[in-house]
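In numbering that gives the first Met the number 0, the protein residues as written are 0 to 324.
Glycine residues also receive a C-beta, built at the ideal position from the N, C-alpha and C atoms.
In this text the structure is predicted, and so the values were computed from the model without any measurement.
Read the structure below first, then the notes.
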Amino acid sequence: MSRILAIAEQRDGALKRISQEVVTAARQVADGIGGEVDVVVVGAAGIGAAAKALGNYGADRVLAVEHEALGAYSPESYTKAIADQVQAGDYFAVLFPATAVGRDLAPRVAARLDVPLASEATALEIEGEELVIRRPVYAGKAFVDLTLDAAPRIVSVRANIFRAHESPREATVETVAAEPQPSKARVREVHAGAGDKPDVAEATVVVAGGRGLKDPENWKILEDLADALGDGVALGASRAVVDAGWRPHAEQVGQTGKVVSPQLYFAVALSGAIQHLAGMRTATTIVAVNKDPDAPIFKVADYGIVGDAFEVIPRLADEIRNARG
Numbered sequence: 000m001s002r003i004l005a006i007a008e009q010r011d012g013a014l015k016r017i018s019q020e021v022v023t024a025a026r027q028v029a030d031g032i033g034g035e036v037d038v039v040v041v042g043a044a045g046i047g048a049a050a051k052a053l054g055n056y057g058a059d060r061v062l063a064v065e066h067e068a069l070g071a072y073s074p075e076s077y078t079k080a081i082a083d084q085v086q087a088g089d090y091f092a093v094l095f096p097a098t099a100v101g102r103d104l105a106p107r108v109a110a111r112l113d114v115p116l117a118s119e120a121t122a123l124e125i126e127g128e129e130l131v132i133r134r135p136v137y138a139g140k141a142f143v144d145l146t147l148d149a150a151p152r153i154v155s156v157r158a159n160i161f162r163a164h165e166s167p168r169e170a171t172v173e174t175v176a177a178e179p180q181p182s183k184a185r186v187r188e189v190h191a192g193a194g195d196k197p198d199v200a201e202a203t204v205v206v207a208g209g210r211g212l213k214d215p216e217n218w219k220i221l222e223d224l225a226d227a228l229g230d231g232v233a234l235g236a237s238r239a240v241v242d243a244g245w246r247p248h249a250e251q252v253g254q255t256g257k258v259v260s261p262q263l264y265f266a267v268a269l270s271g272a273i274q275h276l277a278g279m280r281t282a283t284t285i286v287a288v289n290k291d292p293d294a295p296i297f298k299v300a301d302y303g304i305v306g307d308a309f310e311v312i313p314r315l316a317d318e319i320r321n322a323r324g
């Protein structure tokens with residue numbers, strides 16, 4: 000029976016939400032070929048117990064590569080651990096999350112296995128005996144469908160595209176002995192970002208602003224809108240805003256920042272430069288607010304409001320609060 004391998008991601012012993020999405024995508028592909036889904040998760044002792052919950056999203060088996068030295072990401076150790084499991088499993092395809100870690104790890108594993116990699120997949124379909132992978136090209140202006148001429152097919156999937164869907168199974172958990180590899184770098188400490196907002200790359204709703212807000216102090220109107228929208232909303236910013244020092248780099252959306260695919264994206268006082276569009280074009284619904292009716296952002300927006308952000312956004316936040324009671 001053909002098998003699909005999904006790579007789960009953890010941080011501080013807890014699975015990241017995108018792990019559920021990757022397993023959902025793997026289940027979709029496995030159902031198309033009549034196969035099963037294995038999951039590999041690398042981390043400190045006990046991570047396998049947390050990963051067992053991925054059975055709710057279609058995992059048949061969890062392979063937990065555990066060692067106290069693997070609690071934090073180590074490129075050399077994680078690459079060997081995953082490549083070893085791939086080689087031992089004879090998989091049809093291996094799916095990685097297209098996160099900061101996944102974008103570093105997937106090409107390393109592909110290089111070790113000497114197979115090609117398709118990155119940032121937004122759709123996966125089985126046609127005959129082939130896996131057809133859709134991914135954005137030309138900074139998101141177009142999409143291409145492709146197949147890989149080697150096995151296993153290594154693919155990274157974009158966050159917030161394959162919505163986590165429950166397909167309950169009683170996943171078995173197998174613990175795999177790990178051998179940490181010598182590393183040229185090691186994590187000494189991790190500084191968490193301030194505040195309780197989610198990472199912009201993983202949020203289901205993003206409120207982003209550009210230089211049209213004129214001053215960093217004016218970001219308060221975006222914060223108020225985010226609060227009105229409720230939990231799970233992240234703030235985003237254009238490169239110009241980050242370069243000006245108004246907002247932290249962790250919030251930058253675009254070709255040189257983070258690629259996001261939320262269900263809802265507010266583009267406030269953003270002109271819509273191609274570099275920014277490359278990072279958010281695949282959002283499910285885009286709402287643009289700009290006083291320039293010819294701003295490029297309106298060409299990709301599902302809803303556009305031509306008006307002054309300082310008038311529109313506070314009123315919009317009030318209306319949302321009233322609608323939510």
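Membership of Phe161 in any beta strand (DSSP E) is not indicated, and neither H nor E is assigned to it by DSSP.
For secondary structure counted as the beta strand (DSSP E) over 3 or more consecutive residues, the stretch 94 to 173 holds these complete runs in sequence order: 116 to 120, 122 to 126, 129 to 136, 141 to 145, 152 to 156. A contact is defined here as three or more CB-CB pairs under 8 Å, and the stretch 170 to 178 fails this definition with respect to the stretch 108 to 118.
Apart from sequence neighbours up to five positions away, no residue of its chain approaches Tyr137 with a beta-carbon distance below 8 Å. Of the residues assessed, Gln86 falls on the exposed side of the cut-off, its CB having fewer than 16 other CB atoms within 10 angstroms.
DSSP, reduced to helix, strand and coil, places Tyr77 within a helical segment of the structure shown. Closest in alpha carbon position to Gly54, among Gly45, Gly70, Ser76, Ser18, is Ser18. If you draw a straight line from the Cα of Ala58 to the Cα of Lys219, it is about 43 Å long. When the alpha-carbon of Val232 is set against those of Gly256, Tyr264, Thr255, the nearest one is in Tyr264. DSSP, read as helix, strand or coil, puts Gly235 in strand. For Ala71 and Val64, the gap between their C-alpha atoms comes out near 13 Å. Taking the Cα of Glu128 as reference, the smallest distance to any Cα among Pro106, Phe91, Val108 is reached at Phe91. Per DSSP, reduced to three states, the secondary structure at Val175 is strand.
Close CB contacts of Ser237 within its chain, under the 8 Å cut and outside five residues either way in sequence, are with Ala207, Gly208, Gly209, Arg210, Gln251, Val252, Gly253, Leu269, Ala272, His275 (chain order). Val288 and Val259 do not touch by the CB rule: their CB atoms are close to 18 Å apart, not below 8 Å.
By the 16-neighbour rule on beta-carbons within 10 angstroms, His248 is exposed.
Under the three-state reduction of DSSP output, Phe297 falls in the helix class. Taking Gly244 as reference, the option from Leu62, Glu216, Val299 with the minimal CA-CA separation is Glu216. In this structure, Ser155 and Tyr56 do not form a Cβ contact; the two beta carbons are roughly 18 Å apart against a cut-off of 8 Å.
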